[in-house]
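*Asks:* For the sequence shown, the working numbering assigns the number 22 to the initial residue and increments by one for each residue that follows. Every residue, glycine too, gets a C-beta built ideally from N, C-alpha and C.
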Amino acid sequence: METLPTTFSAEAYFETQPPPPTVEQDVQSVRNFLRQQQENRRKVVLVTSGGTTVPLELNVVRFLDNFSAGTRGATSAEYFLKAGYAVIFMHRQFSLQPFSRHYSHSTNPFLDLLEINEPPEGSTAAPSISVIPSKRDHLLEVLKTYKSVQKAGTMLTLNFVSVNDYLWLLRAVSQELSVLGKEAMYYLAAAVSDFFLPREKMSIHKIQSGKGSLHIEMDEVPKILKPMVAEWTRKGFVVSFKLETDDKLLIPKAQDALEKYGHTLVIANALHRRKFEVAFVYRTHYTDSSASQFAESWVRIDLEKNPEKEIEEDIVEELVKRHKQWVEL
Ligand code: PAZ
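#1: For residue 32 and residue 166, I'd like the C-alpha separation in whole angstroms.
#2: To which residues does DSSP link residue 112 through a beta bridge?
#3: Hey, how far is the Cα of residue 99 from the Cα of residue 195?
#4: Short of 8 Å in beta carbon distance, which residues of its chain neighbour residue 300, apart from the five on each side in sequence? Order them along the chain.
#5: If the criterion is Cβ atoms closer than 8 Å, does the pair residue 66 and residue 94 meet it?
#6: Under the criterion of a Cβ to heavy atom distance below 7 Å, does residue 93 qualify as lining ligand 1?
#7: How many Å lie between residue 37 and residue 44 at the Cα?
#8: Out of 85, 174 and 126, which has the shortest C-alpha to C-alpha gap to residue 63?
#9: Could you tell me whether the region 193–213 touches the region 257–268, where touching means 3 or more Cβ pairs closer than 8 Å?
#10: Examine ligand 1 and report whether any of its heavy atoms sits within less than 7 Å of the Cβ of residue 262.
#11: Taking the alpha carbon of residue 261 as the reference point, which residue from 239, 217 and 211 has its own alpha carbon closest?
#12: Using three-state DSSP, classify residue 315 as helix, strand or coil.
#13: Following the continuous beta strand (DSSP E) through residue 164, name the residue where it begins and the one where it ends.
#14: Does the beta-carbon of residue 89, which I'm using as the reference point, lie nearer than 7 Å to any heavy atom of ligand 1?
#15: Is residue 210 near ligand 2 - that is, is its Cβ less than 7 Å away from at least one heavy atom of it?
#16: Between the region 72–80 and the region 180–189, are three or more C-beta pairs nearer than 8 Å?
#17: By Cβ distance, which residues of its chain are closer than 7 Å to residue 253, with the 5 residues on each side in sequence left out?
#18: Is residue 213 a contact residue of ligand 1, with contact defined as CB to any heavy atom under 7 Å?
#19: For residue 90, which residues in the same chain have their Cβ closer than 7 Å to its Cβ, ignoring the five residues on either side in sequence?
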């Protein structure tokens, strides 16, 4: 008979799984950041981005990973900043980040932007480096925005690696951000593992081969959105993402999530169309779930006509509008 994985309640999870060592320090930086944003009366959005790992050993050599380059999160963060929000960018270490994402090592390597200018023959001067003229305008634009965000102090970057880091950090940051009430938005674009290996089931050292196939039974990660909405975020505007590969499941699973967790909105995306098509799934009555029906609206862009267009621009524009209405409710 198949043994079903154990499901932890969120409470049991946090009682049994240890916090990452950096969480206290991160909370302190979030507090300082929020104080500054409140003084400037800025709305704040928490953007989660990138995939979580599930380590198989305590001295981790092997881990499972969730698909996500961090493009959705990093790109959206830039548009939120442009719309006047302050951003807490909580991302998987080494995944894409706002601004530097334009020069990712694989798609647009930084070194390819530069050229070496040799000094005239006979000169003892050292060679200098400059930006290739055709790349200058774009780099200058990105750099200017990056520097102005740094100067204004409107972005705070936090890291996670494992699903355990993510859960602890998400809880801690959400609890801090809840001081803003409705003015806070939670934009949960990270790809979070549904299964994990509790600490007490993990091997201390590298799992050895030589004994045939490896069987691992994982437990289910608690559905963190439920306490997040009911206990941690105090009426914040909570947007989750739903990724599916089977089109038939996309909208029903998004509706299911809204029903179960009671948050504001689900953005549903299919793996291979996520760059040009997403669905906003929501209840027709935000505040009265008994009177509510589900509705959906699609955001689509035409990448053939406009290859430079980023769907996140339209997603964020729509969310900013809806968040404003939410605050005024
Ligand atoms: O990071 P990325 O741009 O490669 O992918 C974004 C995404 C598909 C991970 C995101 O849009 C998403 O759907 N996140 C939630 C995934 C989930 O259902 O757990």
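*Replies:* Here's the rundown:
#1: Each residue's alpha carbon lies about 41 Å from the other.
#2: Looking at the DSSP assignment, residue 112 forms a beta bridge with 70 and 180.
#3: In this structure, the straight-line span from the alpha carbon of residue 99 to that of residue 195 is close to 21 Å.
#4: Closer than 8 Å at the Cβ level, and outside the excluded window around residue 300, lie 271, 272, 275, 288, 289, 290, 317, 318, 319 and 320.
#5: Contact flag unset, no.
#6: True, at least one ligand heavy atom lies under 7 Å from that Cβ.
#7: Cα atoms of residue 37 and residue 44: separation of roughly 16 Å, rounded to the nearest angstrom.
#8: That would be 174, whose Cα lies nearest to the Cα of residue 63.
#9: Output reads yes: the region 257–268 touches the region 193–213.
#10: Ligand 1 has a heavy atom closer than 7 Å to the beta-carbon of residue 262.
#11: Taking the Cα of residue 261 as reference, the smallest distance to any Cα among 239, 217 and 211 is reached at 211.
#12: In the three-state reduction of the DSSP assignment, residue 315 falls in the strand class, which pools E and B.
#13: Counting along the chain, residue 164 falls outside any beta strand (DSSP E), though it belongs to the alpha helix (DSSP H) covering 154–173.
#14: Residue 89: yes, Cβ under 7 Å from ligand 1.
#15: Annotation note on ligand 2: not contained in the displayed structure, which lists ligand 1 as its ligands.
#16: Contact between the region 72–80 and the region 180–189 is present: three or more C-beta pairs spanning the two stretches fall below 8 Å.
#17: Residues of the same chain with a CB within less than 7 Å of the CB of residue 253, apart from the 5 flanking positions on each side, are 192, 195, 196 and 199 in chain order.
#18: At least one heavy atom of ligand 1 lies closer than 7 Å to the C-beta of residue 213.
#19: Excluding residues within five positions, the ones whose Cβ falls inside 7 Å are 116 and 117.
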